[in-house]
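Student: Just passing along the structure, written as structure tokens.
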Amino acid sequence: EEALLLVMTNPYAYIIEPLDPQKPDHKFFNLKKLKDPRYDQLPFSIRVLLESAVRNCDGVLVKKEDVEKVLNWKVTQSQTVEVPFRPARVILQDFTGVPAVVDFAAMRDAVKKLQGDPEKINPVCPADLVIDHSIQVDFNRNCLHFLGACLGVCSLVTIYYLFHSSRSDSLQKNQDLEFERNRERFEFLKWGSKAFRNMRIIPPGSGIVHQVNLEYLARVVSEQDGYYYPDSLVGTDSHTTMIDGLGVLGWGVGGIEAEAVMLGQPISMVLPEVIGYKLQGTPNKYITSTDIVLTVTKHLRQVGVVGKFVEFFGPGVAQLSIADRATIANMCPEYGATAAFFPVDQISIHYLKQTGRDAEKLNYIEKYLKAVGMFRDYSNTAEDPQFTQVVELDLSTVVPCCSGPKRPQDKVDVSEMKQDFKTCLGAKQGFKGFQVAPERHDVRVPFQFNGAEYSLSHGSVVIAAITSCTNTSNPSVMLGAGLLAQRAVKAGLRVKPYIKTSLSPGSGVVTYYLKESGVMDFLSQLGFEVVGYGCMTCIGNSGPLPEPVVEAITRGDLVAAGVLSGNRNFEGRVHPNTRANYLASPPLVIAYAIAGTMRIDFEKEPLAVNSQGKEVFLRDIWPTREEIQAVERQFVIPAMFKEVYEKVEKVNERWNSLKAPSDELYTWDPSSTYIKSPPFFDGLTQELQTPNSITDAYVLLNLGDSVTTDHISPAGNIARNSAAARYLTSRGLTPREFNSYGSRRGNDAVMARGTFANIRLFNKFINKQAPSTIYLPTEETMDVFDAAEKYQQAGHPLLILAGKEYGSGSSRDWAAKGPFLLGIKAVLAESYERIHRSNLVGMGIIPLEYLPGDSAESLGLTGRERYTVIIPPQITPRMTLDTGKTFQAKMRFDTDVELTYFHHGGILNYMIRKMSQN
12 EEALLLVMTN PYAYIIEPLD PQKPDHKFFN LKKLKDPRYD QLPFSIRVLL ESAVRNCDGV
72 LVKKEDVEKV LNWKVTQSQT VEVPFRPARV ILQDFTGVPA VVDFAAMRDA VKKLQGDPEK
132 INPVCPADLV IDHSIQVDFN RNCLHFLGAC LGVCSLVTIY YLFHSSRSDS LQKNQDLEFE
192 RNRERFEFLK WGSKAFRNMR IIPPGSGIVH QVNLEYLARV VSEQDGYYYP DSLVGTDSHT
252 TMIDGLGVLG WGVGGIEAEA VMLGQPISMV LPEVIGYKLQ GTPNKYITST DIVLTVTKHL
312 RQVGVVGKFV EFFGPGVAQL SIADRATIAN MCPEYGATAA FFPVDQISIH YLKQTGRDAE
372 KLNYIEKYLK AVGMFRDYSN TAEDPQFTQV VELDLSTVVP CCSGPKRPQD KVDVSEMKQD
432 FKTCLGAKQG FKGFQVAPER HDVRVPFQFN GAEYSLSHGS VVIAAITSCT NTSNPSVMLG
492 AGLLAQRAVK AGLRVKPYIK TSLSPGSGVV TYYLKESGVM DFLSQLGFEV VGYGCMTCIG
552 NSGPLPEPVV EAITRGDLVA AGVLSGNRNF EGRVHPNTRA NYLASPPLVI AYAIAGTMRI
612 DFEKEPLAVN SQGKEVFLRD IWPTREEIQA VERQFVIPAM FKEVYEKVEK VNERWNSLKA
672 PSDELYTWDP SSTYIKSPPF FDGLTQELQT PNSITDAYVL LNLGDSVTTD HISPAGNIAR
732 NSAAARYLTS RGLTPREFNS YGSRRGNDAV MARGTFANIR LFNKFINKQA PSTIYLPTEE
792 TMDVFDAAEK YQQAGHPLLI LAGKEYGSGS SRDWAAKGPF LLGIKAVLAE SYERIHRSNL
852 VGMGIIPLEY LPGDSAESLG LTGRERYTVI IPPQITPRMT LDTGKTFQAK MRFDTDVELT
912 YFHHGGILNY MIRKMSQN
């Protein structure tokens, strides 16, 4: 009925027609029948936005003038034009999914208090939640060094099993610990799957959200209520963009914004510019997709694509598999774009066949996309649309590379790694510097491990992880790592036992083809055995290092290194004891693990010397692209995907056995330290409150450039001396029961105390890295939470000062919720990461931006001033405000919809009032 009503009121109903005359009930909006010459000039990504606007045009949420704005993109792209977009679906992972379900449960309570129907808080837009962020690398290499991690957390039965089980299976042990630690969270999610319609949960142990999306969940073309339309999505993880590699338009949003989309609210977005990225040439036979993406990341960072779409075209695209394209699209957040789109072509259809998609669906996918002009032939230049700007990359110029030591955009050619690390060691503290005194560059610290003598120095590798959907989704680099491991083992090479090695595939398909191709055993012999199916090391779930290693690093104040096939290497993210972290392809992860150090020139120095005294160079064992592709063609087959995914939702017996209530309203347990009703809606009324000016605010923190969401709201381990630890201890927990911040995102008391608790946070007030600040009224140095609590008790509003790219990194809603709970009313920064700025708006925090040329330094701001921000009764998008000082700043509410959210005190308050009234 709803779909019929929409069609009856849609002014574009005249372009509806059957896709197949033999099936008149299966229709689509044929954009070609608009007969508008502007359509064929639009970038393919903008055509997806246009189709959504046309199909959803109801005169209320989506208007005819919105369609015209998108159709006239060539003109409107530079005019900061706002348009609504209704994605086909939403995808979540459990770190962001748990707080989303907590919010939904609390919103139901709030709607009931306002005399509304709680059942209206229910996803309208289909949502998939993949549990992939909870598992940690507690066990690896079949060793029990990390059994202490489960003491105080696990039942005695589980501890007995871990000690005495005849299975030397790190995977099983890590999964058992995952359930022991997270049972309460998992039961809550299972309640959500019963209480809310349109929400599907993929159980733990299935894989990484974006790889599962690519291999299984993606529709490419959706079919609902008898209509075909392009698959599209938003997700509560910044790397949602990975799906763009398959021609499905998607990007990351804040959890708060995703919740509104799930409840039927369109996204209000500024119509983006589209950068055409032309790929030409053919990659060198030794180059991996990781080398290409790290090159693209650095290039596009230099071009400047923040807030824009990037769309790939040119003959070089046809040289890339879908897995290669997905790798490039995955790291879109690292080069700053909103989306990184590869339109569907024949290679996309082949991938769908390879991954076991239904033949009938493949037929209508290709037929539909060709009918609406969204199917690409990259060799046909006549199909090239108009772009805002075109930049080019010759794939033949790409060389093997890594990125680091602290940011993914800081590419380092492998041939220059040794010298680059030496330079970073002595350089001033910063993104490319550790400020180690020259006389300490070659210090070595001896230690004992398993009865043998070893030593560590600056640059020693202590973590080597093949992890993350960025690379584990790509058979070419995974099989490349396997072939390299095979040759390394046969050459007599080994990895030192103290190095924490791990392999965490993004889906069971990876394990399947690694075993079938015969390389898994060689990976295991080098220590790269499967430890779990999830993000693991890439998000900081790297687990503990052996105590002798930690003690040696601490004693020598060493810059120890982690090397991982991930997408993020920000300070304090991977592990507290690895100050240098490098992103690399899976084969290079193994190479650096064998070498044991980042201070090596692979061209001139041997990888290692085997037991026969023979020098083995990396070039001796490195496989070519042709060798890898031959193995891939033989062993990566549709039957594998079908077998793994046809049972993915029911194969986990522990998940199946979980008991959960099915009540409409959740019964909150006051004793729980994982799930707690948040205070966001306390005192909420139907009447709007007039926004108040900010008067005499204190600055809680004075921060610099590139403050990430990891700095603001860390996901890793809870330090024993932190405010969150003191809270958990007061609730009767021992340190071994703390788990991680990420796992406790359903508890606002923990997350508020974890806000700005990253040990690598650099606060100018104290001029060093620490999760501390100065309480200005008394000049006391204390934890950030304790200072904020004192300010709130005294009734003082708070402000944050920051530099460029504030809030870069993961799309983490607690990076906005936490500051809200600390009493922060506004952030004043030089620029913002897109998702984080949206999240601030969603929580009612004002994102203020310095005018061009202004900064804290240029204006002479120390942060010790008191700040007054006058908010006028009438606010307009991107309004310039008088701050009450001697300078002005721009209020970064970019759209009228964002202003509406602000007037309601945040997007969730708006949705509650809306649902209560209707």
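Number 585 in our numbering belongs to position 574 of the sequence shown; there are no gaps in the numbering. Each residue gets a CB set at the ideal place from its N, CA and C atoms; glycine is no exception. Nothing here was measured: the structure is a model prediction, and the numbers come from that model.
If contact is defined by three or more beta carbon pairs under 8 Å, each pair taking one atom from either stretch, is the segment 778-797 in contact with the segment 705-713?
Tutor: Verdict: yes, contact present.
Student: Tell me, to the nearest whole angstrom, how far the beta carbon of residue 85 is from that of residue 52; I am working on the premise that it is less than 8 Å.
Tutor: As a working note, residue 85 is residue 74 in the sequence shown. As a working note, residue 52 is residue 41 in the sequence shown. That belief holds up - the Cβ atoms of residue 85 and residue 52 are roughly 7 Å apart, short of 8 Å.
Student: Residue 126: buried (16+ other C-beta within 10 angstroms of its C-beta) or exposed?
Tutor: To locate residue 126, count along the sequence shown from 1; it is residue 115. Per the 10 Å Cβ criterion, exposed.
Student: From the DSSP output, in three-state form, read off residue 388 for me.
Tutor: As a first step, residue 388 is located in the sequence shown; it is residue number 377 there, counting from the start. Reduced to three states, the DSSP call for residue 388 is coil.
Student: Cα separation between residue 782 and residue 221?
Tutor: In the sequence shown, the residue the question calls residue 782 occupies position 771. In the sequence shown, the residue the question calls residue 221 occupies position 210. Residue 782 and residue 221: Cα-Cα distance of roughly 32 Å.
Student: Only counting the same chain, and skipping five residues up and downstream in sequence, which positions put a Cβ closer than 6 Å to that of residue 775?
Tutor: Looking up residue 775 in the sequence shown gives position 764. Cβ within range, chain order: 713.
Student: According to DSSP, what are the bridge partners of residue 677?
Tutor: Numbered from its first residue, the sequence shown carries residue 677 at position 666. For residue 677, which the question treats as bridged, DSSP gives no partner whatsoever.
Student: Express the C-alpha separation of residue 687 and residue 101 in angstroms, rounding to a whole number.
Tutor: Numbered from its first residue, the sequence shown carries residue 101 at position 90. Numbered from its first residue, the sequence shown carries residue 687 at position 676. The straight-line gap from Cα to Cα measures roughly 24 Å.
Student: Using a Cβ-Cβ cutoff of less than 6 Å, which residues in the same chain neighbour residue 746 once the five nearest sequence positions on both sides are dropped?
Tutor: If you number the sequence shown from 1, residue 746 lands on position 735. The answer, listed in chain order, is 731.
Student: If I'm right that residue 420 touches residue 346 with Cβ under 8 Å, what's the distance once you round it to whole angstroms?
Tutor: The sequence position of residue 420 within the sequence shown is 409, counting from 1. The sequence position of residue 346 within the sequence shown is 335, counting from 1. Right, the Cβ-Cβ distance comes to about 7 Å (below 8 Å), so this counts as a contact.
Student: Can you tell me where the alpha helix (DSSP H) holding residue 344 begins and where it ends?
Tutor: Mapped onto the sequence shown, residue 344 falls at position 333. Residues 343-346.
Student: Would you give the residue range spanned by the beta strand (DSSP E) that residue 899 belongs to?
Tutor: Taking the first residue of the sequence shown as position 1, residue 899 is located at position 888. Where residue 899 is concerned, the enclosing beta strand (DSSP E) stretches over 899-902.
Student: What does the alpha-carbon distance come out to for the pair residue 914 and residue 700?
Tutor: Indexing the sequence shown from 1 puts residue 914 at position 903. Indexing the sequence shown from 1 puts residue 700 at position 689. Their Cα atoms are separated by approximately 7 Å.
Student: Is the CB-CB distance between residue 590 and residue 429 below 7 Å?
Tutor: Here residue 590 refers to the residue found at position 579 when the sequence shown is read from its first residue. Here residue 429 refers to the residue found at position 418 when the sequence shown is read from its first residue. Their beta carbons are not under 7 Å apart, which means residue 590 does not touch residue 429 by this criterion.
Student: Does the segment 510-518 touch the segment 463-474, meaning 3 or more C-beta pairs lie closer than 8 Å?
Tutor: Verdict: yes, contact present.
Student: Can you tell me where the beta strand (DSSP E) holding residue 783 begins and where it ends?
Tutor: As a working note, residue 783 is residue 772 in the sequence shown. Where residue 783 is concerned, the enclosing beta strand (DSSP E) stretches over 783-786.
Student: What is the DSSP secondary structure of residue 465, reduced to helix, strand or coil?
Tutor: Counting from one through the sequence shown, the residue named residue 465 turns up at place 454. Here residue 465 sits in strand by DSSP.
Student: Can you name, in chain order, every residue of its own chain whose Cβ lies under 6 Å from the Cβ of residue 159, other than the five neighbours on each side?
Tutor: Locating residue 159 in the sequence shown gives position 148, counting from the first residue. Residue placement at residue 159 is poorly supported in this model, since its pLDDT is 46, which falls under 50; the coordinates are not used for a value here.
Student: Looking only at its chain, what residues have a beta carbon closer than 8 Å to the beta carbon of residue 296, apart from the 5 residues adjacent to it on each side?
Tutor: Here residue 296 refers to the residue found at position 285 when the sequence shown is read from its first residue. Contacts found: 635, 636 and 637.
Student: Closest to residue 360 by CA distance: which of 371, 351 and 350 is it?
Tutor: Position 349 of the sequence shown, counted from the first residue, corresponds to residue 360. The candidate whose alpha carbon is nearest that of residue 360 is 371.
Student: Please identify the residue among 831, 846 and 886 whose C-alpha is closest to the C-alpha of residue 319.
Tutor: In the sequence shown, residue 319 corresponds to position 308, counting from 1. The shortest Cα separation from residue 319 among 831, 846 and 886 belongs to 846.
Student: If you scan the segment 68-118 from start to end, which runs of the beta strand (DSSP E) of 3 or more residues do you find wholly inside it?
Tutor: Correct list: 93-96 and 100-104.
Student: Just the Cα atoms here: how many angstroms apart are residue 640 and residue 288?
Tutor: For the purposes of this step, residue 640 is identified with residue 629 of the sequence shown, where counting begins at 1. For the purposes of this step, residue 288 is identified with residue 277 of the sequence shown, where counting begins at 1. Approximately 25 Å, taken between the alpha carbons.
Student: Taking 6 Å as the limit between beta carbons, can you name the residues of its chain near residue 498, skipping five residues before and five after?
Tutor: As a first step, residue 498 is located in the sequence shown; it is residue number 487 there, counting from the start. Within the same chain, residue 498 has close Cβ partners 632.
Student: Tell me the DSSP secondary structure of residue 509 in three-state form.
Tutor: Here the question's residue 509 lines up with position 498 in the sequence shown. Coil, per DSSP.
Student: Check each candidate in 887, 432, 441 and 737 and name the one with the smallest Cα separation from residue 468.
Tutor: Within the sequence shown, residue 468 is the residue found at index 457, counting from 1. Answer by Cα proximity: 432.
Student: Measuring alpha carbon to alpha carbon, tell me which residue in 339, 705, 327 and 506 is nearest residue 405.
Tutor: On the sequence shown, residue 405 is found 394 positions in, with the first residue counted as 1. Nearest of 339, 705, 327 and 506 to residue 405, Cα basis: 327.
Student: Could you have a look at residue 497 and say whether DSSP puts it in helix, strand or coil?
Tutor: Residue 497 sits at position 486 when you count from the first residue of the sequence shown. Residue state, collapsed to three classes: helix.
Student: Considering only C-alpha positions, which residue in the set 350, 417 and 518 is nearest to residue 930?
Tutor: Within the shown structure, residues of the chain are numbered from 12 to 929, placing residue 930 beyond reach of any answer.
Student: From residue 256 to residue 878, what distance separates their C-alpha atoms?
Tutor: The residue given as residue 256 occupies position 245 in the sequence shown. The residue given as residue 878 occupies position 867 in the sequence shown. Straight-line Cα distance between these residues: approximately 46 Å.
Student: Mapping the DSSP letters down to three states, classify residue 36 as helix, strand or coil.
Tutor: For the purposes of this step, residue 36 is identified with residue 25 of the sequence shown, where counting begins at 1. Note: residue 36 maps to coil in three-state DSSP.
Student: Between which two residues does the alpha helix (DSSP H) holding residue 854 run?
Tutor: The residue you call residue 854 lines up with position 843 of the sequence shown. Counting along the chain, residue 854 falls outside any alpha helix (DSSP H), and DSSP gives it neither H nor E.
Student: Kindly confirm or deny that the segment 489-497 and the segment 527-537 touch, where touching means at least three C-beta pairs closer than 8 Å.
Tutor: The answer is yes - the segment 527-537 touches the segment 489-497, with three or more Cβ pairs under 8 Å.
Student: I want to see whether chain D comes within less than 7 Å of residue 853, judged by CB atoms only; does it?
Tutor: Of the protein chains in this structure there is only one, and it is not chain D.
Student: Who does residue 351 pair with in a DSSP beta bridge?
Tutor: Position 340 of the sequence shown, counted from the first residue, corresponds to residue 351. Residue 351 is bridged to 321.
Student: Classify residue 679 as buried or exposed, calling it buried when 16 or more other Cβ atoms lie within 10 Å of its own Cβ.
Tutor: As a position in the sequence shown, residue 679 is number 668, starting the count at 1. It is exposed - the Cβ of residue 679 has fewer than 16 other Cβ atoms within 10 Å.
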